[in-house]
Amino acid sequence: MGEAIVFTSGKGGVGKTTVISNIGVGLSRLDKKVIMLDTDMGLRNLDLVMGIEDRVNYNLLDVLDNKCRLKQAIIKNRKYPNLYVIPAALRIDSLRSYESRFKILVEELKRSFDYCLIDGPAGIDSGFWFSIAPADRVIIVTTPHISAIHDAKRCVGILDSMHFTDISVIVNAYDERMVKRHQMLSTADISDILSTKVIGTIPLDKNVIICQNKGVPICEIRTKSRPVFTMISQQINISKDQLAEVGQ
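Numbering (this note's numbering), first residue to last: 748 to 995.
See the structure below:
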């Protein structure tokens, strides 16, 4: 049985889509079958970052509305045979009414995929509740900026109240030199503020912009971010295997 992991943040612009796309690639390279679901309705960036926007015919809401078959909405990545995407819709509906159908869909996908990675929207409105509805695990993506940490803490509080037991944090756009100069919060500071474990710290990297403009994951080029994404993917996979052993 697969696992559903939602990537959320509270604040926009922290790099959730970059993070999820590269972790998806990393897990697929570990010979895991991965599907990524974009729930950022009205914007839809995951297919753009993955360079597959010209192959989108149907979207997640089309599936939930029974306007297409599931396999018609799933886009297989040509570079990574184990990696698939279901894009978001360009329209914005009242997503709370779709939550039960989304849970059923993800449960179905978990029977065929090792990982269902859900790219959540910014904010804590209906899109937030929709995206976390089927999640087994939550990864909060933040940057070391005070506003992003504040919004991440709000997300942690909500998730704690919903009794999520597996919440972790990835810190994006981290500058070690600024931390040493006491100009940026450290990983330890962020972990203390959020009372949550940090499973990865992604360095500030201009190559992210270059890769996004080309529609390729940053894991495809030689950069300081690539080994970090590889490590995070391995850590996510190891923790899933450990949970499976405990459950046996």
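By construction, the Cβ of each residue, glycine as well, lies at the ideal position given by its N, Cα and C atoms.
Asked: Using the three-state DSSP reduction, which class does M978 fall into: helix, strand or coil?; Found: helix
Asked: Could you check the C-alpha separation between I957 and V853 for me, to the nearest Å?; Found: 32 Å
Asked: Starting from the Cα of T786, find the closest Cα among C966, R843, V903 and give me that residue.; Found: R843
Asked: Short check: CB of L807 to CB of L784, under 8 Å?; Found: yes
Asked: So, with DSSP's three-state summary, where would you put V916?; Found: strand
Asked: Please name the residue in R884, P891, T970 whose C-alpha comes closest to that of T741.; Found: The structure shown does not extend to residue 741, since the chain is modelled only from 748 to 995, so the question has no answer here.
Asked: Using the Cα positions of V993 and D922, report the straight-line distance between them to the nearest angstrom.; Found: Annotation note: pLDDT 47 at V993 (below 50); position unreliable, coordinate value reported separately. If I take the Cα positions, the gap works out to 37 Å.
Asked: Report the CB separation of G947 from V975 in whole angstroms; it is logged as a contact under 8 Å.; Found: 6 Å
Asked: Can you name the residues that DSSP bridges to A751?; Found: C863
Asked: Looking at D866 and K780, is the spacing between their C-beta atoms short of 8 Å?; Found: no
Asked: Please indicate yes or no: does the CB of G771 lie closer than 7 Å to some heavy atom of the ligand SAH?; Found: No copy of the ligand SAH occurs in the structure displayed, which carries no ligand at all.
Asked: Whole angstroms is fine: what's the gap from Q819's alpha carbon to K826's?; Found: 19 Å
Asked: Can you tell me which residues form a DSSP beta bridge with V888?; Found: I917
Asked: Is it the case that the segment 903-915 contacts the segment 760-770, given that we only count it when at least three CB pairs across the two stretches are under 8 Å?; Found: no
Asked: Output the distance between the C-alpha atoms of Q981 and R928, rounded to the nearest integer angstrom.; Found: 31 Å
Asked: May I have a chain-ordered list of the alpha helix (DSSP H) segments no shorter than 4 residues that lie completely inside the segment 757-810?; Found: 763-776, 793-796
Asked: Does the beta-carbon of M748 have 16 or more other beta-carbons within 10 angstroms, so that it is buried, or is it exposed?; Found: exposed
Asked: Quick test of the definition: if touching needs 3 or more C-beta pairs under 8 Å, does the segment 794-801 touch the segment 884-894?; Found: no
Asked: Whole angstroms is fine: what's the gap from L996's alpha carbon to S873's?; Found: The requested residue 996 is not part of the displayed model; the chain covers only 748 to 995.
Asked: Quick check: the Cα distance between Q930 and R924, rounded to an integer number of angstroms?; Found: 9 Å
Asked: Any idea if Q995 is buried or exposed, counting beta-carbon neighbours within 10 angstroms, 16 or more meaning buried?; Found: Any reading at Q995 is ruled out, since the residue's pLDDT is 46, under 50, leaving its predicted position unreliable.
Asked: On the three-state DSSP scale, how would you describe K900?; Found: helix
Asked: Can you tell me whether DSSP reads V963 as helix, strand or coil?; Found: coil
Asked: Taking I879 as part of the alpha helix (DSSP H), name the residues at either end of that continuous run.; Found: 873-879
Asked: Tell me the DSSP bridge mates of T948?; Found: V918
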